[in-house]
Amino acid sequence: MQSLTRNDGLPISLFLLFLLATGSRCLEVIYAINAGGESHADSYGIHYARDPLMGKVGTASDYGKQLIIGRVNNVDQILYQTERYHHNTFGYDIPITQDGNYVMILKFCEVYFNSPNMKVFDIVLNGDHTVVTDLDIFERVGRGVAHDEYVPFKVQDGKLIYNEEESDILAGKIRVEFIKGYRDNPKINAIAVVKGVLDDVPQLGPMPPDPDDYQSMQEEEEETTTRSKHISGPRTPDPYSIDDSSVMLPVFVAIGAFIPLLFCLCKL
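Mature numbering (1 follows the signal peptide of the UniProt record, and there is no 0) puts the sequence shown at residues -26 to -1, 1 to 242.
See below:
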């Protein structure tokens, strides 16, 4: 019987890795909309429908198209460049008909303000659950940077369960609302609801480095390099700092050895 060599097993390993990679991206998408924009398919294959509130509630804006959004690739830029905002509380109705675990992904990007505390609002799920409190997008990630809020919940026997609290699901729909506060208008860039748990959901990329932090890192590296150029070995001891007692010690030893010899000579 012929045994598998290391090279023979390589294609099998690659195939298994491929299955794992593709399987992790096979999401059962229940609902997805591109707020303030047209339909779009993202880099994970999720198809976002045209905003159903077009011409009905609030204001659609593509002001964010002036920016290159951080943390996302070119394909997903549009999901954070278009948005819907309203001068009052507004929301979306989402059909949910099956029991199970779900994750709601709420996509945001601050494209207008340049400081925190300018736009702050809450997000409420199904009329009873405050899932995000005092959302300040700029404070979280800054301007022109993607930010996602992940809301895991469960549906069972006609009820929505969030953080062990229940609410009734009416007419097979749940509602997510963006609550008007005292600091500007609530907004949303895109929404997706997938069936599964949080580990199944693709996460945003790492935060881009802050310019101030990057500058301080550069300065520290330059300072370290400068110090290393001047230090080439252990410091030479200062001859004038040597203790006088260590210099006189051989003299005392010689005198101590000479005294007995002198005593013996005197005895002769």
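Don't be surprised by glycine CBs; every beta carbon is placed ideally from N, CA and C.
For clarity, every value in this text was computed on a predicted model and none was experimentally measured.
I need the boundaries of the alpha helix (DSSP H) containing residue i, first residue and last residue.
i: Leu109; result: Note, Leu109: premise wrong, no alpha helix (DSSP H); beta strand (DSSP E) at His103 to Leu109.
i: Ile42; result: Looking at the DSSP string, Ile42 is not in any alpha helix (DSSP H), and its letter there is neither H nor E.
For a cutoff of 8 angstroms on Cβ pairs, would you count residue i as touching chain D?
i: Ser13; result: Among the protein chains of the structure shown there is no chain D, as only one such chain exists.
Look at the alpha carbon of residue i and the alpha carbon of residue j, and state the distance between them as a whole number of angstroms.
i: Leu27; j: Met181; result: 31 angstroms
i: Ile70; j: Asn91; result: 35 angstroms
i: Val150; j: Gly44; result: 26 angstroms
i: Arg157; j: Ile79; result: 23 angstroms
i: Lys154; j: His61; result: 7 angstroms
i: Val171; j: Tyr76; result: 6 angstroms
i: Ala133; j: Gly10; result: The identity of residue 133 in the sequence shown is Lys, whereas the question assumes Ala. Rounded to the nearest angstrom, the two C-alpha atoms are 30 angstroms apart.
i: Gln72; j: Gly146; result: 9 angstroms
i: Ile7; j: Asn137; result: 25 angstroms
i: Tyr188; j: Gly118; result: Confidence is the limiting factor: at Tyr188 the pLDDT is only 45, short of 50, which leaves the residue's position unreliable, though a coordinate-based value still follows. Cα to Cα, the separation comes out at about 18 angstroms.
i: Asp126; j: Gly29; result: The sequence given here has Pro at residue 126, not Asp. Cα-Cα distance, rounded: 30 angstroms.
i: Ile42; j: Val94; result: 23 angstroms
i: Pro183; j: Gln130; result: 42 angstroms
i: Cys(-1); j: His103; result: 29 angstroms
i: Gly(-4); j: Gln40; result: The predicted model places Gly(-4) with a pLDDT of 45, which falls under 50 and marks its position as unreliable; any figure quoted below should be read in that light. For Gly(-4) and Gln40, the distance between alpha carbons rounds to 36 angstroms.
Anyone know if the C-beta pair for residue i and residue j falls short of 8 angstroms?
i: Ser35; j: Tyr22; result: no
i: Asp67; j: Asp16; result: no
i: Glu140; j: Phe112; result: no
i: Ile143; j: Phe152; result: no
i: Arg58; j: Asp25; result: yes
i: Lys169; j: Gly74; result: yes
Name the two residues that bound the continuous beta strand (DSSP E) containing residue i.
i: Ile52; result: Per DSSP, Ile52 belongs to no beta strand (DSSP E); it is in the alpha helix (DSSP H), Gln51 to Gln55.
i: Arg149; result: Lys147 to Arg157
i: Ile97; result: Val94 to Leu99
i: Ser141; result: Glu139 to Asp142
i: Ser35; result: Thr33 to Ser35
From the DSSP secondary-structure annotation, give me the bridge partner or partners of residue i.
i: Thr63; result: Beta-bridge pairing links Thr63 to no other residue.
i: Tyr76; result: Phe127 and Lys169
i: residue 243; result: This structure does not reach residue 243, given that the chain is present from -26 up to 242, and the question cannot be answered.
For the 8 angstroms Cβ check, are there 3 or more pairs between the region 165 to 176 and the region 96 to 115? The region 165 to 176 is not in contact with the region 96 to 115.
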